[in-house]
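So in my numbering, spot 3 of the sequence shown is number 18, and the numbers just go up one at a time. No residue lacks a Cβ here, since even glycine has one placed at the ideal position from N, Cα and C. Just so you know, these numbers come straight off a predicted model, no measurement behind them. Right, one structure below, let's go through it.
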Amino acid sequence: MPVPLILPAQCNDLEMLNDLMYELHHEHHLQAPDSFKTAEEIEQEKSIARYLDNPDCLVFVAKINDEIVGFITGHFCELISTVSQPVQMGSVDELYVSPSYRGKGIANALYQTLEQRFSEYGVKEVFVEVWHFNQGACEFYFDSGFSHHIHWLRKPIA
Numbered sequence: 016m017p018v019p020l021i022l023p024a025q026c027n028d029l030e031m032l033n034d035l036m037y038e039l040h041h042e043h044h045l046q047a048p049d050s051f052k053t054a055e056e057i058e059q060e061k062s063i064a065r066y067l068d069n070p071d072c073l074v075f076v077a078k079i080n081d082e083i084v085g086f087i088t089g090h091f092c093e094l095i096s097t098v099s100q101p102v103q104m105g106s107v108d109e110l111y112v113s114p115s116y117r118g119k120g121i122a123n124a125l126y127q128t129l130e131q132r133f134s135e136y137g138v139k140e141v142f143v144e145v146w147h148f149n150q151g152a153c154e155f156y157f158d159s160g161f162s163h164h165i166h167w168l169r170k171p172i173a
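Given below as structure tokens:
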């Protein structure tokens, strides 16, 4: 397999990025339909184009032979709380690699590129939200050095 190029996303990448974003949300809906809207519903509300227009957001793509096979999105923020010290944070918002390209280090290359850019901009910590059902993503982030920070629990009432 050729080595993927990791590049900042461009406006002419939007069509392929939107297709991959759809696949990401479709996978989530299939895994947890009671929790996730359909990809069609999300597509009506959320576009990756908003990341390209926002200076606080980053989008990187993994390309092989001019085909986008994965992407990562993130943004900068300052964590301000009434109980903890303020911290310059970076958020991993979406990370997706096409199924046929998984297990080849592409997610790691995308994440390392995002982390490097965060570091260049003074980010001190990176956070990510991962649903418990997504064990592959949980393992990836643990292997990338993430650890539990806040346990967010929920319980249905009925």
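Here K78 is bridged, per DSSP, to L20 and I83. Taken atom to atom, the span from the alpha-carbon of V102 to that of I95 is near 7 Å. When the five nearest sequence neighbours on each side are left out, the beta carbons in the same chain lying within less than 7 Å of the beta carbon of C26 are those of L67, in order along the chain.
Between I21 and A77, the CB-CB gap stays under 8 Å.
Two segments are said to touch when three or more pairs of C-beta atoms, one from each, lie closer than 8 Å; by this definition the segment 69–86 does not touch the segment 42–54. In this structure, Y156 keeps its C-beta atom at 8 Å or more from the C-beta atom of V138.
With contacts defined by Cβ atoms closer than 8 Å, V107 and I121 do not form a contacting pair. Residue environment: L32 is assigned as buried (16 or more neighbouring CB atoms within 10 Å of its CB, all protein chains considered). Going by beta carbons, M36 and E93 fall outside the 8 Å limit.
One Cα belongs to W146, the other to S99, and the distance between them is close to 24 Å. DSSP places Q127 outside any beta strand (DSSP E); the residue lies instead in the alpha helix (DSSP H), whose first and last residues are I121 to E135. Taking the CA atoms as reference points, L29 sits about 34 Å from H164. The Cβ neighbour count for P19, taken over all protein chains shown within 10 Å, is at least 16; the residue is labelled buried. In this structure, T128 is the residue among K170, T128 and F86 with its C-alpha nearest to the C-alpha of S159. Contiguous beta strand (DSSP E) elements confined to the segment 16–60 occur at 20–23, taking only those with 3 or more residues. The alpha carbon of E42 has as its nearest neighbour, out of I172, C153, E154 and N149, the alpha carbon of N149.
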